[in-house]
Every structure is written in structure tokens, then in C-alpha cells.
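Accompanying notes for the structure given below.
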Amino acid sequence: MDGLDQNQGAPLTQQEEEEQNFIKSIIYGNQVKNSYGTFRAFCSAISQKEQIEKIIYYLKEKENFKKYNKIVYAFRLYVTPTFFVTQDVPKLEPKFVEGYQEDPTIEGSGEKLMHLLQKFNVENVLIIVGIEQYNPLNKFEATHFRIIVERAKDLLNNLYSRVVQSEIENISENTNFLPESSSMQIKRQVKLKKQIYHLPQLQQEPKFARPQDRQNNRPNHIFYNSKPTFLKHKSDQISQEVIERRKEIKILGDKLKQQAYQLEKILSSIDARDYLQLRFAIQYDQNKLTEKLLNIFMIIADVQSREQLAYEYDLKSGLEGLTVNNLNEQKIKIINEMIRGDKRLTLDSVSKQNEALGPLFGFIQVLMRSYENGKTLRKLQETEKQFQLFQQYQKSMSQGMIPDIYNQSQSNTAKNVSNSQTLFNQNHQSNQIHNNIALQENYYVESSQKIPEYQNESLIQSGELQIKPNKIYINQPSKIKKNSQVFN
Numbered sequence: 000m001d002g003l004d005q006n007q008g009a010p011l012t013q014q015e016e017e018e019q020n021f022i023k024s025i026i027y028g029n030q031v032k033n034s035y036g037t038f039r040a041f042c043s044a045i046s047q048k049e050q051i052e053k054i055i056y057y058l059k060e061k062e063n064f065k066k067y068n069k070i071v072y073a074f075r076l077y078v079t080p081t082f083f084v085t086q087d088v089p090k091l092e093p094k095f096v097e098g099y100q101e102d103p104t105i106e107g108s109g110e111k112l113m114h115l116l117q118k119f120n121v122e123n124v125l126i127i128v129g130i131e132q133y134n135p136l137n138k139f140e141a142t143h144f145r146i147i148v149e150r151a152k153d154l155l156n157n158l159y160s161r162v163v164q165s166e167i168e169n170i171s172e173n174t175n176f177l178p179e180s181s182s183m184q185i186k187r188q189v190k191l192k193k194q195i196y197h198l199p200q201l202q203q204e205p206k207f208a209r210p211q212d213r214q215n216n217r218p219n220h221i222f223y224n225s226k227p228t229f230l231k232h233k234s235d236q237i238s239q240e241v242i243e244r245r246k247e248i249k250i251l252g253d254k255l256k257q258q259a260y261q262l263e264k265i266l267s268s269i270d271a272r273d274y275l276q277l278r279f280a281i282q283y284d285q286n287k288l289t290e291k292l293l294n295i296f297m298i299i300a301d302v303q304s305r306e307q308l309a310y311e312y313d314l315k316s317g318l319e320g321l322t323v324n325n326l327n328e329q330k331i332k333i334i335n336e337m338i339r340g341d342k343r344l345t346l347d348s349v350s351k352q353n354e355a356l357g358p359l360f361g362f363i364q365v366l367m368r369s370y371e372n373g374k375t376l377r378k379l380q381e382t383e384k385q386f387q388l389f390q391q392y393q394k395s396m397s398q399g400m401i402p403d404i405y406n407q408s409q410s411n412t413a414k415n416v417s418n419s420q421t422l423f424n425q426n427h428q429s430n431q432i433h434n435n436i437a438l439q440e441n442y443y444v445e446s447s448q449k450i451p452e453y454q455n456e457s458l459i460q461s462g463e464l465q466i467k468p469n470k471i472y473i474n475q476p477s478k479i480k481k482n483s484q485v486f487n
């Protein structure tokens, strides 16, 4: 009989009815067994934190669940929000009471269950996982955490499906008792069919355009035959080698700036006390490592002996005045052989031997690197300069103009094309052909000297080669063959 105690027949109190209700709300999950033990999850709805102990006590007293010797649980309760005022604006702050309890041998399992409740965003729910361990000596592995979470997740999904089903049943019961007028007022969302517009013009076009159409419909197709004058001329495609060379020039320039800053920083870090210690090491330190380092410094500074370095050489002004100009190929070769031959000659070993010698060795290393980078940079810049001169010459010749770099002292020779034949006859009779003229249309030159591809400005200024439009002047004897069409 509902509302009566079965044993005594007396009516149940409100507290006893609530206990029976939340005991009836317990959902029992399926068991999972493995070599470690048996896992089973339980889920229940709660409204107070005190109900947790009653539910666990009920499960432990039941004969079917006495075998579970390890219990892990987590709960999440919704508490009535409290009002608070912020900048004269009343607000409601929702508050949740969360917690978990776990067995000391399986730490972290309760926290995982609580995170699962937060992820599902459920309220007033208690999730319990019971574990029956077969052998107390068995070790709890990390894979068992996954079993615990999976059992709890299945129960929460089951609980969610039950809640949704009960809500659907309540809605269906309420709609059965609605009058016809109210039921007609309920609006249903009907999916509108997507309208498809058929355009005959678009359907007649082929799926793939013909080659002629692709050519005419491309961007700027009206300029296909000839390029308009208002468009800029396309710059010549620079080869990958030129791009890499210019990039390397920029990188080397940045390295030289950084190394100059390092040299300045090393010199600023050396104070008067360091100079005194350095001079003391020069005078009295007889260590082989120190002696080798001082020999390297003497080579760079052009000092003849160690006595001269100790008593006559000014260390401060000498270090500040040292630049890459004090180095040359011979010095670099000797210093590299001395450094590579001794593995102990490093910055760390020198600093441990004498702190005053560490900045000196670092200064020498940076100075040598700066010299090598500067040498490489000069070679690249020279190649780039020759390339630019050649490009300038090609551009001037294509425009029919005489470049300024080729207008030198011999510009008075062969002023006109008409007197070229007379000049050739005079030179041939005297057997001294200093300026052999080869017209581009009527003559060709057979010379043992090959004209280089890149014309150097110094070669042109020296008078060995002079280039003008349609004429080549070579200050060397050469054999000239005449075209038969000219003299016929």
C-alpha cells in the first residue's frame, strides 16, 4: 500500500518517503570484468549532500553489492543562487557544490568522474563506481581509469535518454487534453524546398570552354597582339644565381654590423683593472696556453717580441685601434694553423686559465671572422658591379645609345662610317694595324684574343677595347676578310 510501512502498517514520514524516492532513482550499470577485478557503475539523483552517505550505505548493505571493496564517487549539486550588487546592478550568481571521494590506492579516479559531470553539465547527480579487486597484490594500471570513465559515461547517457523520453511523454499527455482551437494555434516549422532557377542561356554554354574562348576571355585579352605603350616594360628575369648573390650580400652586411657591435662590446667590458691583470700576465705568466695566445696577438699587432708587448706597447690604445686592416692572408693562415693545431685553445679554457685573457681571445676570434666575411663580401660586390655594368651596356646598346662608360679619349677615331675604308687601307699599307675597323654589315674580325662576356671598365679605359654602335675597335693585329658583296 502506497504511503504505508510494509512491516508496521504505519504511514511513512516525509523524510522516509524522500529516502525511498532517491533509493528508487538509483540506476544500475552493467558489469565489466578483467584480470584485475569487476567494475560496475551506479547513478542516482540527489538534492542534498547528506543523501550521498545514505545511498552508499544502502549499496553496501545490499547483498549483491557487498563484494565491492573499493568505491569511487563524484557529485554535483545546484545551490540556490544568491543576489549580489556590482556597480548598483543586482545580479544572480549560480553556484554549484562539487566534490569527489576515491580510494587511496587509485588516486585520480574521483577527479576524473567529477570532470565527466562537468563535461556533461548535469546537476544534482551522484555517480558511483564500485570495484571488486580479486587479488589485493594486483597493481592498478592506467587502462583501468578508462574502464571507470566508460562505465560512468554509459550511465549518464542512459540517464539523459530517460529524461528526454519522460519529457516527450509529458508533452504528449498535455497535448491530448488541449482543445482544437488551442491545438490549431501551435505552429509547426515546415522545411521549405529549395527553389532551383533554370536559365536557358546558362544551360546552353558548354561545360568546358573552347581554346579560342579561353584565349579571348583571359585578363587583358585586348593586348594580346601588341603591348600598349602606357604599360611598363617587363623587367628582365634575373637568374636564381643573381638573387642568391644579392641575398648573401645582405646577410654578410648584417653579420659585419653585428660583429662590429660585438667588438665594441668586448672593448667596453674591459676596465682598468683588467688591463693591469692583462699586463701582469704578459710579463710573468709562462703558461704554454697564455704564450700561444700572446703570440697570436703579437702577429696581429705587428709586435716583434714579448718584452716589447709588455713594456712598450700600449694595450688600451692598441686594442681600440685594431681593425681588419691589420690582417692579411698570411697572418690569417698562420693564426688558423696555430688555433686548429691545439684543441685546448678555446674561449672556455683560456678564461679558466686567466680571466683577463678571455676577452682578448674573444676579440681576436671576432676580428678574424669579420675579416673573412669582409673578404667574401668584397668578392660578391665586385661580381655584382660587373654584372650591373654589363646590364647597363646591354640596355644602352638595345636603345642605340653610347654608354657614358665607353665614351673615352678615342672617340675622335672613325667619326663616320664613310671614311672607315680609307682608314683600313692606310693601316694595311703601314703594316701597323692599331685600330682595325670591322663594320657589322660588311666585315668580320678573326682575332686570337677572345672578347670577354663581361666588359670591364678598366679594359675599356686602357684603350685595348672600344665599343661603339655598329663598330668594334681592337688595338691588336688581326686578319680581316672582306665581304665579296661590298667590293663587287
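Just so we're aligned, residue 0 is where the sequence shown starts under numbering that gives the first Met the number 0, counting upward by one. Beta carbons: idealized from backbone N, C-alpha and C, even for Gly.
Drop a sphere of 10 angstroms on the beta-carbon of residue i, count the other beta-carbons inside from all chains shown, and report buried for 16 or more, exposed for fewer.
i    : result
N137 : exposed
L275 : exposed
L346 : exposed
I54  : buried
G98  : exposed
Q50  : buried
Q390 : exposed
S483 : Residue placement at S483 is poorly supported in this model, since its pLDDT is 36, which falls under 50; the coordinates still yield a value, given next. Label assigned to S483: exposed.
Y310 : exposed
E16  : exposed
R39  : buried
I269 : buried
Q258 : buried
V78  : exposed
V323 : buried
Give the DSSP-derived three-state secondary structure of residue i in the structure shown.
i    : result
T322 : coil
E18  : helix
Y260 : helix
S46  : coil
Q239 : helix
Y27  : strand
K374 : helix
Y77  : strand
Y99  : strand
R39  : strand
Y72  : strand
R32  : Looking at the sequence itself, residue 32 is Lys, so the reference to Arg does not match. Of the three classes helix, strand and coil, the one that applies to K32 here is strand, per DSSP.
N63  : helix
L125 : strand
K351 : helix
I269 : coil
K249 : helix
E383 : helix
K94  : strand
Comparing the CB of residue i with every heavy atom of the ligand ATP, is any distance shorter than 6 Å?
i   : result
K61 : With respect to the ligand ATP, the structure offers nothing, as it holds no ligand at all.
Between residue i and residue j, how many whole angstroms is the CB-CB distance? I'm expecting something under 8 Å.
i    : j    : result
L115 : V148 : 6 Å
Y27  : F41  : 6 Å
I363 : F296 : 7 Å
G107 : I70  : That belief does not hold up - the Cβ atoms of G107 and I70 are roughly 15 Å apart, past 8 Å.
I299 : L321 : 7 Å
M367 : I331 : 7 Å
V241 : F386 : 7 Å
K291 : L344 : 6 Å
Excluding the five sequence neighbours on either side, which residues of its own chain have a C-beta within less than 6 Å of the C-beta of residue i, listed in chain order?
i    : result
K233 : Note that K233 scores a pLDDT of 48, beneath 50, so its modelled location is shaky and nothing firm can be said.
E354 : none
I127 : F41 and Y72
K287 : none
I66  : Reading the sequence as shown, one finds Lys at residue 66 and not Ile. For K66, where only same-chain residues beyond five positions count, the Cβ hits under 6 Å are E131.
Please state if the CB of residue j and the CB of residue i are separated by a distance shorter than 7 Å.
i    : j    : result
V365 : Q261 : yes
L293 : V302 : no
I265 : P358 : yes
G36  : Q132 : yes
L76  : N20  : no
A151 : L112 : yes
L318 : Y370 : no
S43  : S24  : yes
N372 : K254 : yes
I167 : F139 : no
Identify, in the order they occur along the chain, each residue of the same chain with its Cβ nearer than 8 Å to the Cβ of residue i, setting aside the five sequence neighbours on each side.
i    : result
I248 : L376, L379, Q380 and E383
G109 : V71, Y72, A73, Y99, Q100 and E101
V189 : With a pLDDT of 49 at V189, under the threshold of 50, the modelled position of that residue is not reliable, and no figure is offered here.
Which same chain residues end up closer than 7 Å to residue i when comparing Cβ atoms and leaving out the 5 residues on each side of it in sequence?
i    : result
K118 : none
I143 : According to the sequence provided, residue 143 is His. The question's Ile does not apply to it. Around H143: Y35.
L158 : I26 and C42
K48  : L76 and V96
Closest Cβ-Cβ distance between residue i and chain D: below 7 Å?
i    : result
Q100 : In the displayed structure, chain D is absent; only one protein chain is listed.
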